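Participant: One structure, pasted below without further comment.
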Amino acid sequence: MKRKLEQPIKNNHMLNKEFLAFVDTMEENTAILNKEGKIVYINQAWIEFGLANDIAREDYGLGVNYLEIARNAEGEDAARAEKAVEGIKAVLAGEMDNFTLEYPCHSPEEKRWFRMKVKAYGDKSIVMHENITKRVKQRIKRRERTKELEGLYYTFKLAENRDRTIDEILSRLSRKLADFWQHPEKIQVRIRYADEEYLSENFRETGCILKGDIVVLDEKKGTIEVFCPEEKKDYSADFFLAREEELLQGISRTLSGEFSRRITENKLRNNKNLLQSLTNKTPGTVYQYQLFPDGSSRFPYATEGIYEIYEVTPEEIKEDAGKVFDRLHSEDYERVADSIKKSAENLTVWEDEYRVNLPEKGIRWVEGYAEPEKRPDGSVIWYGNIRDVTERKKREEAIKNLHDVAVNFKEAEDEKEVSEMTVEAAENLLNFQNCKILLVEEGMFKPTACTSRAETKKMPVSEGIAGQTYRSGESFISGNISSNPEASPVKDSYKSLISIPVGNYGVFQVLAEEEKAFSKKDLELAKLLISHTTAALERFSYEKELEYMSFHDELTGLYNRRFLQTEMKRLNTERQLPLSIVMLDINDLKIINDSMGHDKGDELIVKTAELLKDNIRKEDILARYGGDEFVILLPQTSKEKAEEVLKRIRTSSEKTEEEDLPVSLGAGIAVKNNVEREIYEILKKADDALNRNKLSDKKSRKNKLVQVLLNALAAKSDETRDHALRMTDLASRLGVKLGITNSELNRLSLLASLHDIGKTSISEEILTKPGELTDEEWEIMKEHPERGYKIASASAEFAPVAEDILAHHERWDGEGYPQGLKGESIPYLARIISIIDAYDVMTSNRSYSPSMSKEETLREIKDCAGGQFDPELAEKFVELMKEK
347 MKRKLEQPIK
357 NNHMLNKEFL
367 AFVDTMEENT
377 AILNKEGKIV
387 YINQAWIEFG
397 LANDIAREDY
407 GLGVNYLEIA
417 RNAEGEDAAR
427 AEKAVEGIKA
437 VLAGEMDNFT
447 LEYPCHSPEE
457 KRWFRMKVKA
467 YGDKSIVMHE
477 NITKRVKQRI
487 KRRERTKELE
497 GLYYTFKLAE
507 NRDRTIDEIL
517 SRLSRKLADF
527 WQHPEKIQVR
537 IRYADEEYLS
547 ENFRETGCIL
557 KGDIVVLDEK
567 KGTIEVFCPE
577 EKKDYSADFF
587 LAREEELLQG
597 ISRTLSGEFS
607 RRITENKLRN
617 NKNLLQSLTN
627 KTPGTVYQYQ
637 LFPDGSSRFP
647 YATEGIYEIY
657 EVTPEEIKED
667 AGKVFDRLHS
677 EDYERVADSI
687 KKSAENLTVW
697 EDEYRVNLPE
707 KGIRWVEGYA
717 EPEKRPDGSV
727 IWYGNIRDVT
737 ERKKREEAIK
747 NLHDVAVNFK
757 EAEDEKEVSE
767 MTVEAAENLL
777 NFQNCKILLV
787 EEGMFKPTAC
797 TSRAETKKMP
807 VSEGIAGQTY
817 RSGESFISGN
827 ISSNPEASPV
837 KDSYKSLISI
847 PVGNYGVFQV
857 LAEEEKAFSK
867 KDLELAKLLI
877 SHTTAALERF
887 SYEKELEYMS
897 FHDELTGLYN
907 RRFLQTEMKR
917 LNTERQLPLS
927 IVMLDINDLK
937 IINDSMGHDK
947 GDELIVKTAE
957 LLKDNIRKED
967 ILARYGGDEF
977 VILLPQTSKE
987 KAEEVLKRIR
997 TSSEKTEEED
1007 LPVSLGAGIA
1017 VKNNVEREIY
1027 EILKKADDAL
1037 NRNKLSDKKS
1047 RKNKLVQVLL
1057 NALAAKSDET
1067 RDHALRMTDL
1077 ASRLGVKLGI
1087 TNSELNRLSL
1097 LASLHDIGKT
1107 SISEEILTKP
1117 GELTDEEWEI
1127 MKEHPERGYK
1137 IASASAEFAP
1147 VAEDILAHHE
1157 RWDGEGYPQG
1167 LKGESIPYLA
1177 RIISIIDAYD
1187 VMTSNRSYSP
1197 SMSKEETLRE
1207 IKDCAGGQFD
1217 PELAEKFVEL
1227 MKEK
């Protein structure tokens, strides 16, 4: 159909009748879109598909924007739909000639798959949806068949491995077998063999079972049992597919055959045909070596692989083994001859690893294994295998040398020396003549070490294969760099590359001008070397981090007390005089922590640290000395100059007074003018000056702190702030009417402002919740007097009203909270504030209730006198509120 369509599209971009008639004959569901993506024509197959699937005409008919309809897809279909939209748009825009996408489109009755093909047609595009369900199902069926074959292949490879015992084979198979069934997660396996039992994990026996017998040399030795769950409502009526029964029988036959062969091999080791079958699968050479009592020897049988080992043919050594022994390395000859002699005397297995010196290949390493057998004529014959292990020995030697390099890394003093040692090892041990290490510094790859042939340049970490390696953390090997679109080699002549990430520190690269210059073995050895390099760099990084942590405060990044003490000793010289010390601390940090939480307290500490850093000189040393304390060391600085620095700090802190979290600091200065004076004595004087400053500034700080706490309340609820302001006014008027002292009036005013301060630690969701609180939420709300008490008690300025805050929700009749106090045992100011609080709550709109009139509220207070309120105080309050 594709070939039929191409000619009309190529020759005619108009929607002529002939072309549209052709489109109507197409089996694919076909629509033509204009350049905006709107449907301008649909064929009969498109219409029939829409009708058959109950698709609304407005979702697929003429004039519909197909791109918008596609974007309405949801869930897993959304990504495919977006990909389809992008493909159609690309064709419409002329960026692509055509676009293809396969996708599932299942109906309730069956699973279906389609292929969408989009073809440019002038300024339009043709969209065709071809039903490929049959092909997809065939692919699925092939995959299922593949799974079956994988099961047989796995069993065969497992059973044929002579390094594994039958016990190991059956143990592995019992755990793996379920993977080859249609529902592996539901399958249980039990294998019984020679009085042993092998079970799959979490084995559970059921009545639904398949069985296969393991028969070894015509004798039943065991059984494979496959169980499925008896509850099969989620599966077809026949849980086991026919081919799964065949699979089990195939596996049973495979095990039977392989186990039979094992026994036969043990009995018939001298069988030539069986030996030949074994040799075809064995690297190197399989052979028979015979040693006679007179000392002569021969190789009655050897495969052609003997030439690769000794550079002799089987015929040359069939009657005389002399040429083989001529090839032995002179330093290994006696040891090999002695090991053969001991094997013959004791009839023990012969194993050895030795060198041979060959005319063509030179010195090679080989490894031999053979089992001896005594013959009636007194000779001993060995059946064995010899293979070339030169590459393995080279690799072992390279690994050993690389480990030696890793040991030497411990002597390196910095990252550059480690990089240079890495490049030197890569060049000398791995024969990488063109390699380099690029470490990352400020977002750029910086060449840190390279061989003499390497060409280097700085480059952003986002560029080239180096950038790809660094970002992905994965190694790359390429035999043709030009095939990689991200490659940006320094020279165009470079063809091959190895690129390995050096942890989070950079990239190691090897380049060559020949294609396919590097093997996977090269990559493995390079990765081993770079793993040692990474470990060495991590050590430096860890040491730097430890050094930084030992001298810096974790929260603020400032120097810590330990560093400050070190610097004080360093600066305690006559050359640094005069040495000024400024001691500062954050006012009322504990109250901030208690009322707003420790996160806010930490935020204030960090904010303070930044403010201080912004206002000191480059030569000054700033450190966090304690929880809320900071110290500034000002070398070669007079008191006047130190006061200028402090003035800048105070000016900056005053600018924060209107912020939600203002910085309020106490400060003290002391100066060391005489080298004989102890520097810690100067630090103590600065601390004393700080305390005097805080004492003199006490009243001002109190007012500011009240404002901070009120602002914290306001941030959670405007009603809470306004409530406190109204309360303060009413409290002052009632206090005057009651004739309390000025001192008590001040306390009452402070209590009116702070009585609800405990609400700062209650969530905004509860404080502003519309409607009634749940029982759990109400219990949280009832905690605010106790929370407020803790906050107030933490400050000498607020401690006088702490008890009153705790008791402001107690009742005259003893039914209040949190302590259940009664009558005059309730603090006097708390009794006053409870009336004012109730009045303001009732006369103000709340999220959970509308306001009451003044008259209704006063009647309520009068009615509650003697129950909720002190009767005398309630009467005085009502009188006050009725006065003009």
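Start counting the sequence shown at 347; every next residue gets the next number (the numbering used here).
Glycine is no exception: its CB is placed at the ideal position from the N, C-alpha and C atoms.
Given the structure is predicted, the values throughout are model-derived calculations rather than measurements.
Which residues in the same chain as Q1214 place their Cβ atom closer than 6 angstroms to its Cβ, once the five residues preceding and following it in sequence are excluded?
Facilitator: For the purposes of this step, residue 1214 is taken as residue 868 along the sequence shown, with counting starting at 1. If you ignore the 5 residues before and after Q1214, its C-beta comes within less than 6 angstroms of the C-beta of R1157, all in its own chain and listed in chain order.
Participant: Does DSSP put D580 in a helix, a strand or coil?
Facilitator: Within the sequence shown, the letter at position 234 stands for residue 580. Residue placement at D580 is flagged as unreliable, the pLDDT there being 42, under the threshold of 50; a coordinate-derived value is accordingly withheld.
Participant: What span of residues does the beta strand (DSSP E) with G714 cover, start to end?
Facilitator: As a working note, residue 714 is residue 368 in the sequence shown. Run containing G714: 708-720, per the beta strand (DSSP E) assignment.
Participant: Hey, how far is the Cα of P354 from the Cα of D469?
Facilitator: As a position in the sequence shown, residue 354 is number 8, starting the count at 1. As a position in the sequence shown, residue 469 is number 123, starting the count at 1. Caution is warranted here: a pLDDT of 39 is assigned to P354, below 50, making its placement in the model unreliable, and no coordinate value can be reported.
Participant: Below 8 angstroms on the Cβ atoms is my contact criterion, and I expect E852 with F791 to pass it. Report the Cβ-Cβ distance as a whole number of Å.
Facilitator: As a first step, residue 852 is located in the sequence shown; it is residue number 506 there, counting from the start. As a first step, residue 791 is located in the sequence shown; it is residue number 445 there, counting from the start. Residue 852 is actually Gly in this sequence, not Glu. 7 angstroms between Cβ atoms; contact.
Participant: Would you grab the beta carbon distance between A872 and V856 for me? Rounded to a whole angstrom, and I think it's under 8 angstroms.
Facilitator: Position 526 of the sequence shown holds residue 872. Position 510 of the sequence shown holds residue 856. Confirmed, Cβ separation roughly 7 angstroms.
Participant: Taking the Cβ atom as the reference point for each residue, do L925 and K1001 lie within a distance shorter than 8 angstroms?
Facilitator: Reading the sequence shown from its first residue, position 579 is the one you call residue 925. Reading the sequence shown from its first residue, position 655 is the one you call residue 1001. For L925 and K1001, no; Cβs fall outside 8 angstroms.
Participant: Tell me where the beta strand (DSSP E) around G1012 begins and ends.
Facilitator: Numbered from its first residue, the sequence shown carries residue 1012 at position 666. Its beta strand (DSSP E) spans residues 1011-1018.
Participant: Nearest-angstrom Cα distance between L1226 and V977?
Facilitator: Along the sequence shown, one-based indexing puts residue 1226 at 880. Along the sequence shown, one-based indexing puts residue 977 at 631. Each residue's Cα considered, the two are about 54 angstroms apart.
Participant: Got a sec, what are the start and stop residues for the alpha helix (DSSP H) R1205 sits in?
Facilitator: Position 859 of the sequence shown holds residue 1205. That run of the alpha helix (DSSP H) goes 1200-1210.
Participant: According to DSSP, is S845 part of a helix, a strand, or is it coil?
Facilitator: As a first step, residue 845 is located in the sequence shown; it is residue number 499 there, counting from the start. Three-state result, S845: strand.
Participant: Expressed to the nearest angstrom, what Euclidean distance is found between the alpha-carbon atoms of N906 and I876?
Facilitator: Along the sequence shown, read from residue 1 onward, the residue named residue 906 stands at position 560. Along the sequence shown, read from residue 1 onward, the residue named residue 876 stands at position 530. Those two C-alpha atoms are separated by around 36 angstroms.
Participant: Figure out for me which residue from K483, T1106, V702, E870 has the closest Cα to the Cα of E820.
Facilitator: The residue you call residue 820 lines up with position 474 of the sequence shown. Ranking K483, T1106, V702, E870 by Cα distance to E820 puts E870 first.
Participant: In terms of DSSP beta bridges, what is S643 paired with?
Facilitator: Counting from one through the sequence shown, the residue named residue 643 turns up at place 297. S643 pairs with L637.
Participant: Out of D400, R403, N411, G396, state which residue places its alpha-carbon closest to the alpha-carbon of K381.
Facilitator: Stepping through the sequence shown from its first residue, residue 381 is reached at position 35. Among D400, R403, N411, G396, the Cα nearest to that of K381 is on N411.
Participant: Span of the beta strand (DSSP E) holding K557?
Facilitator: By 1-based counting over the sequence shown, the position of residue 557 is 211. Here the beta strand (DSSP E) through K557 covers 554-562.
Participant: Have a look at F778 and A772 and give me their C-alpha separation to the nearest angstrom.
Facilitator: Counting from one through the sequence shown, the residue named residue 778 turns up at place 432. Counting from one through the sequence shown, the residue named residue 772 turns up at place 426. Taking the CA atoms as reference points, F778 sits about 6 angstroms from A772.
Participant: Using the beta-carbon count (16 or more within 10 Å), is D760 buried or exposed?
Facilitator: Start at 1 with the first residue of the sequence shown, and residue 760 comes out as number 414. By the neighbour-count rule (16 or more Cβ atoms within 10 Å), D760 is not buried but exposed.
Participant: Taking 7 angstroms as the limit between beta carbons, can you name the residues of its chain near K1237, skipping five residues before and five after?
Facilitator: Nothing in the structure corresponds to residue 1237, since the chain is present only between 347 and 1230.
Participant: Is W527 helix, strand or coil by DSSP?
Facilitator: Translated into positions along the sequence shown, residue 527 becomes position 181. If DSSP states are grouped into helix, strand and coil, W527 belongs with coil.
Participant: By how many angstroms is the C-alpha of A1176 removed from the C-alpha of W1084?
Facilitator: Counting from one through the sequence shown, the residue named residue 1084 turns up at place 738. Counting from one through the sequence shown, the residue named residue 1176 turns up at place 830. Per the sequence presented here, residue 1084 reads as Leu, with Trp not at that position. Whole-angstrom Cα-Cα distance: 14 angstroms.
Participant: Please specify which runs of the beta strand (DSSP E), each continuous and at least 3 residues long, are wholly inside the segment 648-717, giving them in chain order.
Facilitator: 696-704
Participant: Please go through the same chain and pick out, in chain order, the residues whose beta-carbon is closer than 7 angstroms to the beta-carbon of T1203, but skip the five residues on each side of it.
Facilitator: Looking up residue 1203 in the sequence shown gives position 857. Answer for T1203: Y1185, M1188, T1189, listed in chain order.
Participant: Would you please verify whether the beta carbon of V572 is less than 8 angstroms from any beta carbon of chain B?
Facilitator: Within the model displayed, chain B is absent; a lone protein chain is all it includes.
Participant: State the DSSP-derived secondary structure class of R733, mapped to helix, strand or coil.
Facilitator: Residue 733 sits at position 387 when you count from the first residue of the sequence shown. DSSP places R733 in strand when its eight states are reduced to three.
Participant: In chain order, what residues of the same chain have a beta carbon less than 8 angstroms from the beta carbon of R673, not counting five sequence neighbours either side?
Facilitator: Taking the sequence shown and counting its residues from 1, one reaches residue 673 at position 327. Take R673, set aside five residues on each side of it, and the residues of its chain with a beta-carbon closer than 8 angstroms to its own are Y656, E657, V658, V702, N703, L704, in chain order.
Participant: If you check the beta carbons only, do L1091 and V1147 fall under 8 angstroms apart?
Facilitator: By one-based count along the sequence shown, residue 1091 stands at place 745. By one-based count along the sequence shown, residue 1147 stands at place 801. Cβ distance not < 8 angstroms, so L1091 and V1147 don't count as in contact.
Participant: Roughly how many angstroms separate the alpha carbons of A402 and S1109, rounded to a whole number?
Facilitator: Numbered from 1 along the sequence shown, position 56 holds the residue referred to as residue 402. Numbered from 1 along the sequence shown, position 763 holds the residue referred to as residue 1109. Rounded to the nearest angstrom, the two C-alpha atoms are 50 angstroms apart.
Participant: Which one of I951, Y816, G813, S839 has the shortest CA to CA distance from G317?
Facilitator: With the chain covering only 347 through 1230, there is no way to say anything about residue 317.
Participant: Could you pull out every residue in the same chain whose Cβ sits closer than 6 angstroms to the Cβ of I537, ignoring the five residues on either side in sequence?
Facilitator: Walking along the sequence shown from the start, residue 537 turns up at place 191. Taken in chain order, the residues that qualify are L516, S520, Y544, I570.
Participant: Just confirm the distance between the C-beta atoms of G708 and E717, as a whole number of angstroms; I'd bet it's less than 8 angstroms.
Facilitator: To locate residue 708, count along the sequence shown from 1; it is residue 362. To locate residue 717, count along the sequence shown from 1; it is residue 371. Rounded, the Cβ-Cβ distance is 31 angstroms, inconsistent with contact.
Participant: Just checking, does the segment 722-740 make contact with the segment 648-655 on the three C-beta pairs under 8 angstroms criterion?
Facilitator: yes
Participant: What span of residues does the alpha helix (DSSP H) with R916 cover, start to end?
Facilitator: Position 570 of the sequence shown holds residue 916. Start and end: 907-917.
Participant: Could you tell me the distance, in whole angstroms, from the CA atom of M448 to the CA atom of W459?
Facilitator: Mapped onto the sequence shown, residue 448 falls at position 102. Mapped onto the sequence shown, residue 459 falls at position 113. At residue 448 the sequence reads Glu, which differs from the Met that was named. Cα to Cα, the separation comes out at about 7 angstroms.
Participant: Run through the DSSP bridge pairs and tell me what L930 is partnered with.
Facilitator: Locating residue 930 in the sequence shown gives position 584, where the first residue counts as 1. Answer is F976, A1013.
Participant: Quick check on this structure: which residue in E743, E428, P1217 has the alpha carbon closest to the alpha carbon of Y1174?
Facilitator: What you label residue 1174 is simply residue 828 of the sequence shown in a count that begins at 1. Of the candidates E743, E428, P1217, the one whose C-alpha sits nearest the C-alpha of Y1174 is P1217.
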